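Each residue of the sequence shown is one higher than the last, beginning at 38 in the working numbering. Beta carbons are placed, not taken as given, at the ideal position from N, Cα and C, and that holds for glycine. The structure displayed is predicted, hence computed values, not measured ones. To keep things clear, I will list the structure first and then write my remarks on it.
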Amino acid sequence: MELAREGMLILLVSRERKQRLIQLKAGKEIHTSHGIIRHDDLIGQPLGREVRTHLGYPFLVVEPSTAELVRLIKRNTQIMFPKDVSYVLTRLNLFAGKRVIEAGTGSGGLTLALARQVMPTGRVYSYEANPQAQKLAAANLEQTGLLPYVELKLRDIAAGFDETDVDALFLDLRHPWEYLPQVQQALKPGGFFGAIVPTTNQVSALVDALQRQGCFAFIEVEELLLRPYKAVPARLRPMDRMVAHTGYLVFARHIAGGLDPTWAWMDQRKKGPFFEEEDEDFAPGFEQEADEE
Ligand SMILES: C[S@@+](CC[C@H](N)C(=O)[O-])C[C@H]1O[C@@H](n2cnc3c(N)ncnc32)[C@H](O)[C@@H]1O
């Protein structure tokens, strides 16, 4: 069983469902409106349990999930929502050992999820033009123990990326279509490109630029809608409010040497994304070798 260690981030949850991220430090105290909890009473103890303040008020102390970390870190920019972050991790085919570029770093929400995914052998190269944003992201990554897996770079990406042959590249900034030549330089053949933009006119500009760049196939535009439910067995129903819109996700693959203009986007007009269950050409499972006669 994993025990709480000094320096570890824990999540403290009150009965009112208020959540606080706390980095454990010997000798320190957590002051709440219901009394005090000493860090020393948590260090060396298991997580996933109830603890009480000196006034006897109960809190839950648990390990924070990646989704909670993304949501609860300090921020000075718009951060990506966990629903979009987690989908991006699979769409960019990220796992331990992969090398991925992102820009801009912002508050480091996506950065920390990327780092958790590619560590311990992979690397995140994160570019940011604003020094204040980078400073906060560095502090967030330091607190979450993920800084060793990230190279933070202070630069406008118009000047290009230092890395080449990276496995994936993700852009979360206002005009992603302006940087496709730089993206092409950095991505390996077959590498995964992704971007998030909040408005449909930005999607149009990006898709148009991806097509014109001539080396991006499988251009797809998607949006994720997540509807939370009230988990009350006798009155199970959706929450009254939901986050209706976060952003549009655009994905593509880099094809070395460019591709014939009749490819990729001509297909996209007829077919939707890759979930084509009804498609007669669609055969789930791995390709089987034909039996030798
Ligand atoms: C929406 S925030 C990124 C949020 C981040 N993905 C997160 O989850 O915390 C966009 C960031 O891109 C940065 N940015 C905008 N244009 C840039 C450029 N050309 N080069 C580098 N960074 C840029 C901005 O300074 C801003 O911090």
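Item checked: 6 Å CB neighbourhood of E330 in its chain, flanking five on each side removed -> Indexing the sequence shown from 1 puts residue 330 at position 293. The predicted model places E330 with a pLDDT of 48, which falls under 50 and marks its position as unreliable; any figure quoted below should be read in that light. Excluding positions up to five away in sequence, the list is empty.
Next item on the list: State the DSSP-derived secondary structure class of E260, mapped to helix, strand or coil.
Entry: Locating residue 260 in the sequence shown gives position 223, where the first residue counts as 1. The answer is coil: DSSP assigns E260 none of H, G, I, E or B.
Notebook entry, point to check: Hey, is D209 close to ligand 1, as in C-beta under 6 Å from one of its heavy atoms?
Noted result: Taking the first residue of the sequence shown as position 1, residue 209 is located at position 172. Answer for D209: yes, Cβ within range of ligand 1.
Check: Around the Cβ of I74, are there at least 16 other Cβ atoms within 10 angstroms (buried) or fewer (exposed)?
Finding: As a position in the sequence shown, residue 74 is number 37, starting the count at 1. Burial call: buried.
Next item on the list: Would you grab the beta carbon distance between L46 and Q60 for me? Rounded to a whole angstrom, and I think it's under 8 Å.
Entry: Sequence index remark: in the sequence shown, residue 46 carries index 9 (1-based). Sequence index remark: in the sequence shown, residue 60 carries index 23 (1-based). The Cβ separation is near 5 Å, so the contact holds.
Check: Helix or strand or just coil, what does DSSP make of E330?
Finding: Within the sequence shown, numbered from 1, the residue matching residue 330 stands at position 293. Residue confidence for E330 is low, a pLDDT of 48 falling below 50, so the modelled location carries little weight; the figure read from the coordinates is stated next. Residue state, collapsed to three classes: coil.
Item checked: CB contact check: E179 to chain B, cutoff 7 Å -> Within the model displayed, chain B is absent; a lone protein chain is all it includes.
Checklist line | Any non-hydrogen atom of ligand 1 within 6 Å of G236 CB | finding: Start at 1 with the first residue of the sequence shown, and residue 236 comes out as number 199. Correcting the residue identity first, residue 236 is Thr in this sequence and not Gly. No; taking the cut-off as 6 Å, the Cβ of T236 has no heavy atom of ligand 1 nearer than that.
Checklist line | Q115 CB to nearest heavy atom of ligand 1 below 6 Å | finding: Taking the first residue of the sequence shown as position 1, residue 115 is located at position 78. Q115 Cβ: within cutoff of ligand 1.
Notebook entry, point to check: Where does M45 fall in DSSP's three states?
Noted result: Taking the sequence shown and counting its residues from 1, the one referred to as residue 45 is at position 8. M45: coil per DSSP, three-state reduction.
Checklist line | For F207: DSSP bridge partner residues | finding: Here residue 207 refers to the residue found at position 170 when the sequence shown is read from its first residue. DSSP output for F207 lists E139, G231 as bridge partner(s).
Item checked: Cβ shell of V341 (< 7 Å), same chain only, five flanking positions each side left out -> The question about residue 341 has no answer here: the residues shown for the chain are numbered 38 through 330.
Next item on the list: Report the residue from E139, V187, L151, A281 whose alpha carbon sits nearest the alpha carbon of Q219.
Entry: Within the sequence shown, residue 219 is the residue found at index 182, counting from 1. Nearest of E139, V187, L151, A281 to Q219, Cα basis: E139.
Notebook entry, point to check: Run through DSSP, which three-state label would Q154 get?
Noted result: For the purposes of this step, residue 154 is taken as the residue at position 117 of the sequence shown. Reduced to three states, the DSSP call for Q154 is helix.
Margin query: To the nearest angstrom, how far is the alpha carbon of D77 from that of R42?
Written below: Taking the sequence shown and counting its residues from 1, one reaches residue 77 at position 40. Taking the sequence shown and counting its residues from 1, one reaches residue 42 at position 5. Approximately 10 Å between the Cα atoms of the pair.
Next item on the list: Under the assumption that C252 contacts I292 (Cβ atoms under 8 Å), give the Cβ distance between them as a whole number of angstroms.
Entry: The sequence position of residue 252 within the sequence shown is 215, counting from 1. The sequence position of residue 292 within the sequence shown is 255, counting from 1. Sure, about 5 Å apart at Cβ, within 8 Å.
Next item on the list: Using alpha carbons as the reference points, say which of A223, L217, V99, L296 lies closest to D245.
Entry: Here the question's residue 245 lines up with position 208 in the sequence shown. Looking at the Cα atoms, L217 is the closest of the given residues.
Check: Could you give the distance in angstroms between the alpha-carbon of L40 and the alpha-carbon of G231?
Finding: As a working mapping, residue 40 is identified with position 3 in the sequence shown. As a working mapping, residue 231 is identified with position 194 in the sequence shown. If I take the Cα positions, the gap works out to 37 Å.
Next item on the list: Would you check if the distance between the CB atom of E188 and the CB atom of Y162 is smaller than 7 Å?
Entry: As a position in the sequence shown, residue 188 is number 151, starting the count at 1. As a position in the sequence shown, residue 162 is number 125, starting the count at 1. Cβ distance < 7 Å, so E188 and Y162 count as in contact.
Notebook entry, point to check: From this set, P119, H68, A152, E179, which residue's C-alpha is nearest G44's C-alpha?
Noted result: One-based indexing of the sequence shown puts residue 44 at position 7. Of P119, H68, A152, E179, the residue nearest in Cα terms is E179.
Check: Counting Cβ pairs, one atom from each stretch, are 3 or more of them under 8 Å apart for the stretch 82-95 and the stretch 165-174?
Finding: no
Notebook entry, point to check: Measuring from the CB of N167, is there a heavy atom of ligand 1 at a distance below 6 Å?
Noted result: On the sequence shown, residue 167 is found 130 positions in, with the first residue counted as 1. Under cutoff, so the answer is yes.
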